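Peer 1: Under our numbering, the first residue of the sequence shown carries the number 1337, and numbering increases by one thereafter. Where is the CB? At the ideal position from N, CA and C, for every residue including glycine. Given the structure is predicted, the values throughout are model-derived calculations rather than measurements. For reference, the structure I am asking about is given below.
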Amino acid sequence: MNSDMPPAQAAHTSHQEELAIRGGKPVRTLPLPWELPGAHWIDEEERALVDQVVKARSPFRFYGPDLQHMVDRLEQEWCETYGHPHALAVSSGTAALSIAMSALELGPGDEVLVPGYLWVSCVAAIVRTGAIPRLVDIDDSFCMDPEDLARKIGPHSRAVLCVHMSGAPGHIDQIAAICQAHGLKLIEDCAQAAGASFKGTPVGRFGHVAIFSFQLNKNMTSGEGGLLVCKDDVLFERIVALHDLGYPRTEEGRLDTIREDCQLWGYGARMSELAGAMALAQKRKLPAITGAMRNAKWRIRDGIQGLNGLSFRHVPDPAGDSGPFLLMQLADSHTADWFVEALRAEGIVGPAGSLACITMRQWGLHWYCNIPSLVERRSNSRDGFPWTHPANSFANGYSYEAGTLPVCDEMRERGVILTIASVLTDQDVEDVIHAIRKVAGALPHA
Ligand SMILES: Cc1ncc(COP(=O)(O)O)c(C=O)c1O
């Protein structure tokens, strides 16, 4: 595409600064910080707790010479802070999703409703458990559209996987009410929204079970890691057994194979004490990390409010936003491409390898139709399971190709995503506002 021109010729730019994309001076030349929210905050606290585990020579959570109980403390503090009756730390958010599916006894013959803006792990967990993903469209909150959810519920629907995308919940209250009215299990995927809330209630408290991720890109990180929360005691027992080797553990941390009511097949997804130490230190910093991102994001949003040709994701409760992303919408895909190119020319870029400013079409496996294994109904086994399972024949006509979800498709075409680092300076925030105002000034008037 010709980057000298906005998508349609605009005659309104003569009074403005020359755009960098047309040879003008860029707003900034230093790259913005990496997105990776928790990573910037790794410091003495993480080092001290990890050191404690190393010095004790006790990196396994269930027994060992001088156990430091890092994972136990993480779970306990998580419950105290966010008001969950039960929490269990695991090795990743992806593992947590699979454990949640199995804990709820989902399998062939069941469909799980899931939004089309998600992460590949959401679909992977459904498919690997033997169930069928049923796609639901999003609304302007970029999260599941409650109206489309209500329309899509059918005789095989057993559960809803609601994903709090890009740091903030959508209409989770309405989705929880629909699930309750239809007797559906609600799983909340809070991987991208640790520390977020909706009208005062922390995420993870609306569903039967919820998961978090502590992978490097998340609001807090132990490099890899995850967490499940739930209310129900029996469900929690299953979760504990499933994350381990399929059995509960005794007080001494040994496997209990005697109890007949909890003999399952485990995922081998325990969290180590080393990851637990990192996650514990990061958990204590989570309000500060999300506070910094939320503050910077909404200062930017306020600073670019009302610009011609630019609209924003609807966040139903801004106070509960954890803040890691600013989602913007342009008139069409052509304009979105140009907008990103022009912003990048102004210096709105991160270090090499970061994804600071991209179009939403470049957002990979976050879109249903960008996931080849879903579109092509791939299987891990030779028999094509679960797509070929007789109990799943109800889903033979389901479509996963682009065109299935019109709102998702439109948001993907027109969207631009700007990551909000957790360590932006006032100057960084001002530069981002300046650059967006400058570039938006060259957009054609509607
Ligand atoms: C929405 C969502 N769900 C689940 C996951 C999986 O988490 P993990 O990377 O810890 O396996 C991610 C991580 O990228 C995610 O964004």
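Could you tell me the boundaries of the beta strand (DSSP E) in which Arg-1487 lies?
Peer 2: In the sequence shown, counting from the first residue as 1, residue 1487 sits at position 151. Premise fails: Arg-1487 lies in the alpha helix (DSSP H), 1482 to 1488, not in any beta strand (DSSP E).
Peer 1: By the three-class DSSP mapping on this structure, what secondary structure does Lys-1554 have?
Peer 2: The sequence position of residue 1554 within the sequence shown is 218, counting from 1. Correct three-state label for Lys-1554: coil.
Peer 1: From Ala-1405 to Glu-1609, what distance separates their C-alpha atoms?
Peer 2: For the purposes of this step, residue 1405 is taken as residue 69 along the sequence shown, with counting starting at 1. For the purposes of this step, residue 1609 is taken as residue 273 along the sequence shown, with counting starting at 1. The sequence shown places His at residue 1405, rather than the Ala named in the question. Distance between the alpha carbons of His-1405 and Glu-1609 is about 7 angstroms.
Peer 1: Would you say the segment 1460 to 1469 touches the segment 1609 to 1619, given that touching needs at least three Cβ pairs under 8 angstroms?
Peer 2: At 8 angstroms Cβ cutoff, the stretches do not touch.
Peer 1: Val-1545 bridges to which residues according to DSSP?
Peer 2: Position 209 of the sequence shown, counted from the start, is the residue given in the question as residue 1545. Ile-1523, Cys-1566.
Peer 1: Tell me the DSSP bridge mates of Val-1723?
Peer 2: If you number the sequence shown from 1, residue 1723 lands on position 387. The sequence shown places Trp at residue 1723, not Val. Answer is none; Trp-1723 lacks a bridge partner.
Peer 1: Just mark Arg-1487 as buried or exposed, buried being the case when its beta carbon has 16 or more other beta carbons within 10 Å.
Peer 2: In the sequence shown, counting from the first residue as 1, residue 1487 sits at position 151. Looking at its Cβ environment, which holds fewer than 16 other Cβ atoms inside 10 Å, Arg-1487 is exposed.
Peer 1: Whose C-beta lies closer than 6 angstroms to the C-beta of Trp-1414 among residues of the same chain, with five residues either side of it excluded?
Peer 2: Walking along the sequence shown from the start, residue 1414 turns up at place 78. Closer than 6 angstroms at Cβ, skipping near neighbours: Ala-1423.
Peer 1: Using C-beta distances below 6 angstroms, list every residue in its chain close to Thr-1430, excluding the 5 sequence neighbours before and after it, in chain order.
Peer 2: As a position in the sequence shown, residue 1430 is number 94, starting the count at 1. The residues are Ser-1457.
Peer 1: Which residues mark the beginning and the end of the beta strand (DSSP E) in which Met-1664 is found?
Peer 2: Walking along the sequence shown from the start, residue 1664 turns up at place 328. Its beta strand (DSSP E) spans residues 1661 to 1665.
Peer 1: Using CA atoms only, rank isn't needed, just tell me which of Ser-1434, Arg-1383, Thr-1365 is closest to Val-1545.
Peer 2: Taking the sequence shown and counting its residues from 1, one reaches residue 1545 at position 209. Considering only alpha carbons, the answer is Ser-1434.
Peer 1: Going by the CB atoms, is the gap between Val-1743 and Asp-1473 shorter than 8 angstroms?
Peer 2: Position 137 of the sequence shown, counted from the start, is the residue given in the question as residue 1473. Position 407 of the sequence shown, counted from the start, is the residue given in the question as residue 1743. In this structure, Val-1743 lies closer than 8 angstroms to Asp-1473 by Cβ.
Peer 1: Taking 6 angstroms as the limit between beta carbons, can you name the residues of its chain near Trp-1601, skipping five residues before and five after?
Peer 2: Locating residue 1601 in the sequence shown gives position 265, counting from the first residue. Only Gly-1582 meet the Cβ criterion.
Peer 1: Can you find a heavy atom of ligand 1 that lies under 7 angstroms from the Cβ of Trp-1455?
Peer 2: Locating residue 1455 in the sequence shown gives position 119, where the first residue counts as 1. Yes; taking the cut-off as 7 angstroms, the Cβ of Trp-1455 has a heavy atom of ligand 1 nearer than that.
Peer 1: Who are the Cβ neighbours of Val-1363 in its own chain at under 8 angstroms, not counting the five residues just before and after it?
Peer 2: Within the sequence shown, the letter at position 27 stands for residue 1363. Cβ neighbours of Val-1363 beyond the five flanking positions: Ala-1356, Glu-1682, Gly-1683, Ile-1684, Asp-1767, His-1770, Ala-1771, Lys-1774.
Peer 1: For the beta strand (DSSP E) holding His-1422, just list the boundary residues, first then last.
Peer 2: Against the sequence shown, residue 1422 aligns to sequence position 86. From DSSP, the beta strand (DSSP E) with His-1422 extends over 1422 to 1426.
Peer 1: Given the structure, does Asp-1673 come close to ligand 1, in the sense that its CB is under 7 angstroms from one of the ligand's heavy atoms?
Peer 2: In the sequence shown, residue 1673 corresponds to position 337, counting from 1. Checking every heavy atom of ligand 1 against the Cβ of Asp-1673, none is found closer than 7 angstroms.
Peer 1: Using 7 angstroms as the cut-off, classify the Cβ of Ser-1549 as near or not near the heavy atoms of ligand 1, replying yes or no.
Peer 2: The residue you call residue 1549 lines up with position 213 of the sequence shown. Yes; taking the cut-off as 7 angstroms, the Cβ of Ser-1549 has a heavy atom of ligand 1 nearer than that.
Peer 1: Output the boundary residues of the beta strand (DSSP E) element that contains Ile-1769.
Peer 2: Position 433 of the sequence shown, counted from the start, is the residue given in the question as residue 1769. Counting along the chain, Ile-1769 falls outside any beta strand (DSSP E), though it belongs to the alpha helix (DSSP H) covering 1762 to 1776.
Peer 1: Ignore the nearest five residues each way along the sequence and tell me which others in Leu-1662's own chain have a CB closer than 7 angstroms to its CB.
Peer 2: Taking the sequence shown and counting its residues from 1, the one referred to as residue 1662 is at position 326. So the list reads Lys-1633, Ile-1636, Arg-1637, Leu-1754, Ile-1756, once near-sequence residues are dropped.
Peer 1: Pull up the CB-CB distance for Ala-1778 and Gly-1656, whole angstroms please, since I reckon it's below 8 angstroms.
Peer 2: As a first step, residue 1778 is located in the sequence shown; it is residue number 442 there, counting from the start. As a first step, residue 1656 is located in the sequence shown; it is residue number 320 there, counting from the start. Their Cβ separation, rounded to whole angstroms, is 34 angstroms, which puts Ala-1778 and Gly-1656 out of contact at 8 angstroms.
Peer 1: For Asp-1568, tell me which candidate among Gly-1562, Leu-1522, Arg-1590 has the shortest Cα-Cα distance.
Peer 2: For the purposes of this step, residue 1568 is taken as the residue at position 232 of the sequence shown. The option with the nearest alpha carbon to Asp-1568 is Leu-1522.
Peer 1: If you scan the segment 1408 to 1482 from start to end, which runs of the alpha helix (DSSP H) of 4 or more residues do you find wholly inside it?
Peer 2: Entirely contained in the segment 1408 to 1482, the alpha helix (DSSP H) runs reaching 4 residues are, in chain order, 1429 to 1439, 1456 to 1464.
Peer 1: Roughly how many whole angstroms lie between the Cα atoms of Lys-1391 and Thr-1626?
Peer 2: For this step, residue 1391 is matched to residue 55 along the sequence shown. For this step, residue 1626 is matched to residue 290 along the sequence shown. About 31 angstroms.
Peer 1: Just confirm the distance between the C-beta atoms of Met-1747 and Tyr-1453, as a whole number of angstroms; I'd bet it's less than 8 angstroms.
Peer 2: The sequence position of residue 1747 within the sequence shown is 411, counting from 1. The sequence position of residue 1453 within the sequence shown is 117, counting from 1. Confirmed, about 7 angstroms.
Peer 1: Spell out whether any CB of chain B is found under 8 angstroms from the CB atom of Gly-1400.
Peer 2: Of the protein chains in this structure there is only one, and it is not chain B.
Peer 1: Verify whether the separation of the beta carbon atoms of His-1500 and Asp-1484 is less than 8 angstroms.
Peer 2: One-based indexing of the sequence shown puts residue 1500 at position 164. One-based indexing of the sequence shown puts residue 1484 at position 148. Not closer than 8 angstroms, so no.
Peer 1: Within its chain, find whatever has a CB closer than 7 angstroms to the CB of Ala-1347; leave out the 5 residues flanking it on each side and keep chain order.
Peer 2: As a first step, residue 1347 is located in the sequence shown; it is residue number 11 there, counting from the start. Low per-residue confidence applies at Ala-1347: pLDDT is 41, beneath 50, and the placement is therefore not dependable, though the value from the model is reported in the following sentence. Here the set comprises nothing.
Peer 1: Do Cys-1458 and ligand 1 come close, with the Cβ less than 7 angstroms from some heavy atom?
Peer 2: One-based indexing of the sequence shown puts residue 1458 at position 122. For ligand 1, at least one heavy atom lies less than 7 angstroms from the Cβ of Cys-1458.
Peer 1: Looking at the secondary structure, which residues open and close the beta strand (DSSP E) in which Thr-1755 lies?
Peer 2: In the sequence shown, residue 1755 corresponds to position 419, counting from 1. Here the beta strand (DSSP E) through Thr-1755 covers 1751 to 1755.
Peer 1: At a threshold of 7 angstroms, does Gly-1689 count as lining ligand 1 (C-beta to nearest heavy atom)?
Peer 2: Here the question's residue 1689 lines up with position 353 in the sequence shown. Incorrect: Gly-1689 has no Cβ contact closer than 7 angstroms to ligand 1.
Peer 1: Are the beta-carbon atoms of Ala-1731 and Glu-1447 separated by less than 8 angstroms?
Peer 2: The residue labelled residue 1731 in the question sits at position 395 within the sequence shown. The residue labelled residue 1447 in the question sits at position 111 within the sequence shown. Going by C-beta atoms, Ala-1731 is nearer than 8 angstroms to Glu-1447.
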